[in-house]
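Protein sequence lines correspond, in order, to chains A and B. Numbered per the working numbering, the first sequence finishes at 409, counting up by one with no gaps. Numbered per the working numbering, the second sequence finishes at 574, counting up by one with no gaps. So the structure is just underneath, and the comments pick up after that.
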Amino acid sequence: MVSGGAFAEAGADLELREIHKRFPGFTAIESLDLTIPAGSFFALLGPSGCGKTTTLRLVAGLEQPTSGQILIGGKDVTNVKPYRRPVNTVFQSYALFPHMTVLENVAFGLKRRRIADPTRKAHEALELVELDHLAQRKPQQLSGGQQQRVALARAVVNRPALLLLDEPLGALDLKLRRQMQLELKNIQQEVGLTFLHVTHDQEEAMTMADTVAVMNKGEIEQMGSPEELYELPKTVFVANFLGQSNLFTGDVRGDNGDTIVVEVAGVPVAVPKARAQRHRGLVTIGVRPEKLLLHPSRPEPAAGVNVLGPGRVIDVSFTGVSTQYTVAVPGIGEVIVFAQNMVFGPVVQAGAEVWVSWRVEHGFGLADELPDDGDRFIDDTTTGGIAQQTKEELLEELEEG
Amino acid sequence: MRLSLGKWLLPLYVVIAFALLLTPIVHVIIYSFNDSRRNNSIWAGWTFDKWLNVCDQQGVCEAFGTSVAIGLVATLIATILGTLLAIAVGRYRFRGRGSTNLLLFLPMATPEVVLGAGLAAQFLSVGVSKGFWTVVIVHALFCLSFVVVTVKARVASLDPALEEAGRDLYGSAMQVFWRVTLPLLTPGIVAAALLSFALSFDDFIITKFNAGQVTTFPLWIYTKKTPPAEANVIAAAIFIVAIVAVVVVQLVAAARRKRLGITQ
């Protein structure tokens, strides 16, 4: 709990125990357990409406959980008012006070806590985000990026044990985003706070966070380091939400000790047991597009290599460092291959007959049970899905208003 | 052909509209300089006497003073109550919020005669003698609705995240209200107060029913067969003050915009 006149010594652990949050008409969070160690940069990643912003608001104290406990630094703060929690938030809309100058905005929290010399500390925080020369301006006189940095300074200046970031980079253009991502990382390393960052941008989460939790429908699907999540997704949702994946479905036909063999449209595909969540029955397996190799002729069968094909290249798109090939394989569907541009121009043209191969250890097996119909999972994170979600939210808002 | 028609038709329309709007006001101003004795409807030559000795006319300054006093007290009551109501209705979900909204609209929709007569009957049955305070009460009552409507619009445009940010930055409920909510609502509250004062100052019908022996400025004018030039002086003075206030506000706003524009 916050006492007047003193800063938090260091970042604090955040622990959520069996949090449920129901709003009239829907459940935002379904039994959430989460521990974020002190000093870490933790990202909650998920599509809009997955409950991540609600989680943030629960931690800030702006919402009350229906049931469950919130602990910060080992102390139960579930029923503690927001202004008594050692937590500060960088709001998605920045929420800068328009009637105050930048300096007054940054000093607001310090003054409420009666911390000595608030003006000097506010100036220091503004120097940290390189905006001290604009201290006397009003927020509306600043650009979006500058406002965002003021919002960050206003939160960081309080040295909270826990800093909450609600999609703070959403409104920025690409270059500013990169700058801010770096700045956030630097600030975190400098002041050693615990950061909880909520975003729907997988790239932002992966580049900034030590630990990423992927949230879907009010639950955490998978949690781990960015590499772990990317290289070994455990569910279809994670495999598709974090980067792109080629997913295949088939029955497990064999067991070679370390690997299982899945029959995909008549072709045996091996997956390491250690990387597969389920070892029997109908399973979904996958491999990342950059792990695939394209072959203009049938490759020699080799141990430790899976081969699919022949298929036909139906699309070639050049993206600079790599070229994205879409290959239609009969009986399997479309397979996406990212190939580094080691030579000028594409290796094969659209229409060419190709085979794809990948090393067995790059494959992964997913935990999802298959729905009755369809042989492939539908990506529910498409823009169509998100648009629908946004529309529903808007309708709800309209009804309330 | 059509183009040239539009070219002079629109300006002509504007000139006619403004002429209709401004003629009574200009008339009032001109006749405030009328050197009249009893009847101010006949022009008797220019004079500044009425402006210089406006209070010589019996009762006019007293009536003006009464109107201002009633306006200020009623505005104060209506603005405070109305602002709190507007925040409650605009911010919080509670049982009976919809009906509260409807009830707040009713005084605006009710004919003034009905409101005035109804309130007069109430005062009679309760046994309150009519006077200064009954007028204050009824004015505060009908101004309240206008304050709520005006301030509510401002509340609706206020980003709830601002108050949340205040709470997040260690502000208690009271501190957030005084330092965030209220300053941000101020433009709406000021507008509501000005509107209240104007409505109160102006009101005749409801006042007439509930004034008893008290004479407000509109009542005073009404008692005269032909309003004396002093009444014109006061009306003209109010008009000029209002015009000056509007111009000053516009100039200040323009200067502020210019300053913001340059610094950006």
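Glycine included, C-beta positions come from ideal geometry on N, C-alpha and C.
Practice prompt. Verify the CB distance criterion: does B:S346 have a CB-CB separation below 8 angstroms to chain A?
Written response: no
- Task: For A:S56, return the contacting residues in chain B, with the cut-off set at a CB-CB distance below 8 angstroms.
- Result: Near A:S56 there are no residues of chain B at all, since even the closest Cβ is about 17 angstroms away, more than 8 angstroms.
### Message
I'd like to know whether the C-beta atoms of A:A163 and A:L111 end up nearer to each other than 8 angstroms.
### Response
no
- prompt: For A:M231, is the classification buried or exposed, using 16 other Cβ atoms within 10 angstroms of its Cβ as the cut-off for buried?
  reply: buried
* Asked: Would a C-beta distance cut-off of 8 angstroms place B:W426 and B:G522 closer than the cut-off?
  -> It should be noted that the sequence gives Gly, not Trp, for residue 426 of chain B. Going by C-beta atoms, B:G426 is not nearer than 8 angstroms to B:G522.
**Prompt:** Is it true that the CB of A:F249 sits closer than 8 angstroms to the CB of A:Q210?
**Reply:** yes
When you compare each of A:N254, A:G274, A:Q252 to A:V260 by their alpha carbons, which one comes out closest? A:G274
Assuming A:T330 and A:Q357 make a contact with CB atoms under 8 angstroms, what is their CB distance in whole Å? Reading off the sequence, residue 330 of chain A comes out as Ser, not Thr. Not confirmed; about 17 angstroms, so no contact.
Quiz prompt | Members of the segment 226-247 of chain A that neighbour chain B once the beta carbon cut-off is set at 8 angstroms | solution = none
- Check whether the Cβ atoms of B:D380 and B:T533 lie closer than 8 angstroms to each other. In the sequence as presented, Asp is not what sits at residue 380 of chain B; that position holds Ile. Cβ atoms of B:I380 and B:T533: not closer than 8 angstroms.
| Which whole-angstrom value describes the C-beta separation of A:G319 and A:P307, a residue pair presumed to lie in contact below a C-beta threshold of 8 angstroms? | That pair is no contact at about 13 angstroms.
Can you tell me which of B:L509, B:P537, B:W530 puts its alpha carbon nearest to the alpha carbon of B:E422?
B:L509
Would you list the one or two residues that DSSP bridges to A:E227? A:N224
Mind listing the chain A neighbours of B:S482? Cutoff is C-beta to C-beta under 7 angstroms, in chain order. Y91
Classification of B:G316 by the beta-carbon crowding that lies within 10 angstroms, buried from 16 upward | exposed
Q. Three-state secondary structure (DSSP) at A:I490?
A. No information on residue 490 of chain A is available, as it lies outside the stretch 9 to 409 that chain A covers here.
Check your understanding: Name the chain D residues whose beta carbon is nearer than 8 angstroms to that of A:N96?
Key -> Considering every chain present, this structure includes no chain D. Its protein chains are A and B.
| message | Between which two residues does the beta strand (DSSP E) holding A:V43 run? | response | A small fix is needed here, since residue 43 of chain A is Thr in this sequence, not Val. Where A:T43 is concerned, the enclosing beta strand (DSSP E) stretches over 34-44.
Problem - Supposed contact pair B:E474 and A:A161 - C-beta distance, whole angstroms, cut 8 angstroms - result: With a Cβ gap of about 18 angstroms, A:A161 and B:E474 do not count as contacting.
Leaving out the 5 sequence neighbours to the left and right, which residues in its chain are closer than 7 angstroms to B:W488 when beta-carbon positions are compared?
none
* **B:E473, enclosing alpha helix (DSSP H) - first and last residue** => 470-478
Helix, strand or coil for A:D387? Go by DSSP, reduced to three states.
In this predicted model, A:D387 has a pLDDT of only 46, less than 50, meaning its place in the structure is not dependable enough to derive any value.
(request) Verify whether the separation of the beta carbon atoms of A:F352 and A:I293 is less than 8 angstroms. (result) no
Identify, in the order they occur along the chain, each residue of the same chain with its Cβ nearer than 7 angstroms to the Cβ of B:S439, setting aside the five sequence neighbours on each side.
G522
Discussion item. Looking at the strands, I want to know which residues DSSP matches up with A:I27.
Written reply: A:L40
* Asked: Which class does B:K534 belong to by DSSP, given the choice of helix, strand or coil?
  -> coil
Beta carbon of A:V95, beta carbon of A:P176: below 8 angstroms? no
Report task. Check whether the Cβ atoms of B:L386 and B:L414 sit closer than 8 angstroms, and answer yes or no. Result -> no
Cβ-based contacts, 7 angstroms cut-off: residues of the segment 114-128 of chain A near chain B
F116, G117, R120, R121
Self-check item: Proximity to A:T267 [Cα-Cα], best of A:S253, A:K146, A:A284, A:L118
Solution: A:A284
*What distance in whole Å lies between the Cβ atoms of B:S342 and B:W361, which are believed to be in contact at a cut-off of 8 angstroms?*
7 angstroms
For A:A347: DSSP bridge partner residues: A:T331
Query raised in the report: What does B:A471 reach in chain A if we use C-beta pairs closer than 7 angstroms?
Result: F99, S101, A103
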